[in-house]
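Enquirer:
Numbering (our numbering), first residue to last: 3 to 331.
The following block contains the structure:
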């Protein structure tokens with residue numbers, strides 16, 4: 003497997019409508035900024051869910067380097083297994099904010115849940131989300147998956163959408179396979195003991211499965227219509243965004259600084275991964291990473307909603323702009 007960081011050209015500046023600031027550096031972080039000094043935040047402590055995978059690196063960079071603190075925020079991050087679980091926590095009030103994959107976000111909106119994406123976090127790159135099989139598997143092509151069990155971290159989310167897209171190019175549909183839910187850290191063991199025939203994996207579980215059990219790549223699920231696909235962002239409820247505009251803006255400024263670092267400094271990502279994932283420094287240095295976008299892009303997010311409509315995940319179109327903070331109510 004080729005190990006490289008696939009990063010996009012960093013977009014200068016961050017959308018003014020989101021009140022983000024992409025300035026500052028890891029060497030000399032800015033002091034407390036206007037949100038904390040201009041009358042106080044509506045909510046100074048935020049509880050949020052995040053998956054222990056590279057997608058959420060900027061959250062932990064912002065916390066460790068004091069970017070949240072500089073904004074007057076205390077952000078308590080709790081691990082979750084998948085986007086569906088995270089959104090249950092968000093809508094149920096356990097979390098004020100959560101990392102979520104965009105498929106889960108659009109599904110939630112289609113079911114009447116009012117939520118807003120306040121920051122982008124992660125974008126796919128080649129070999130960052132692969133279908134893996136055991137080293138002695140007789141499955142040599144996705145067409146061989148008919149009637150087989152495939153592990154995903156959550157059903158009806160980015161994993162099942164990506165896998166279904168690959169299946170379609172090999173003459174199969176979602177109904178030809180059985181999706182089984184396991185957290186990413188569990189998937190290697192499930193492949194090894196043959197509980198599942200294949201697993202949709204991302205880092206660091208992907209590299210760990212290769213090293214520990216000799217798992218082999220069956221297919222890269224982020225190609226063709228899913229190449230450079232938007233993966234994850236930070237979501238809040240519409241109610242939270244409306245009632246806590248200063249808090250949201252402060253969070254956005256902090257995460258913008260961290261996202262800028264993640265986008266331009268691979269070492270910073272490598273250093274933070276062992277803090278919150280089951281990965282050591284040596285493995286962090288060689289895993290395949292996706293990209294860390296530095297702004298929310300309506301056009302990019304629309305790709306997700308359009309593919310979901312095409313694959314039958316949505317029954318009617320959704321405009322991506324409706325889940326962005328500039329469109330409240």
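Ideal Cβ positions, reconstructed from N, Cα and C, are used throughout, including at glycine.
(1) If you drop the 5 nearest sequence neighbours on each side, which residues of the same chain put their C-beta closer than 7 Å to that of residue 185?
(2) Looking only at its chain, what residues have a beta carbon closer than 7 Å to the beta carbon of residue 190, apart from the 5 residues adjacent to it on each side?
(3) Exposed or buried, which one is residue 327 when buried takes at least 16 other CB atoms within 10 Å?
(4) Taking DSSP as the reference, what is the three-state secondary structure of residue 232?
(5) Is there contact between the stretch 268-279 and the stretch 91-106, where contact requires at least three CB pairs shorter than 8 Å?
(6) According to DSSP, residue 163 sits in a beta bridge with which residue or residues?
(7) What number of angstroms, rounded off, separates the C-alpha of residue 33 from the C-alpha of residue 72?
(8) At a cut of 8 Å, does the stretch 140-154 reach the stretch 289-303 through at least three beta carbon pairs?
(9) On the premise that residue 286 lies in contact with residue 57, defined as a C-beta separation below 8 Å, what is that separation, rounded to the nearest angstrom?
(10) Given that a residue counts as buried once 16 or more other Cβ atoms are within 10 Å of its Cβ, and exposed if not, what is residue 161?
(11) What are the boundary residues of the beta strand (DSSP E) that residue 50 is part of?
(12) Excluding the 5 residues preceding and the 5 following residue 87 in the sequence, name in chain order all residues of the same chain whose CB lies nearer than 8 Å to its CB.
(13) Which of the three DSSP states is assigned to residue 246 in this structure?
(14) Please classify residue 283 as buried or exposed, where buried requires at least 16 neighbouring CB atoms within 10 angstroms.
(15) Can you name the start and end residues of the alpha helix (DSSP H) that residue 120 belongs to?
(16) Could you pull out every unbroken alpha helix (DSSP H) segment of at least 4 residues lying fully inside the stretch 131-209, listed in chain order?
(17) Would you please state the rounded distance, in angstroms, between the beta carbons of residue 313 and residue 167? I believe it to be under 8 Å.
Expert: Once the coordinates are examined:
(1) 83, 155
(2) 207, 210, 211, 214, 215, 217
(3) buried
(4) strand
(5) no
(6) Answer by DSSP bridge pairing: none, since residue 163 is not bridged.
(7) Because the pLDDT at residue 33 is just 43, under 50, the model does not fix this residue reliably, and the point stays unresolved.
(8) no
(9) About 14 Å separates the two Cβ atoms, so there is no contact after all.
(10) buried
(11) 47-52
(12) 51, 156
(13) coil
(14) exposed
(15) Element bounds for residue 120: not the alpha helix (DSSP H) but the beta strand (DSSP E), 117-125.
(16) 160-171, 186-194
(17) 7 Å
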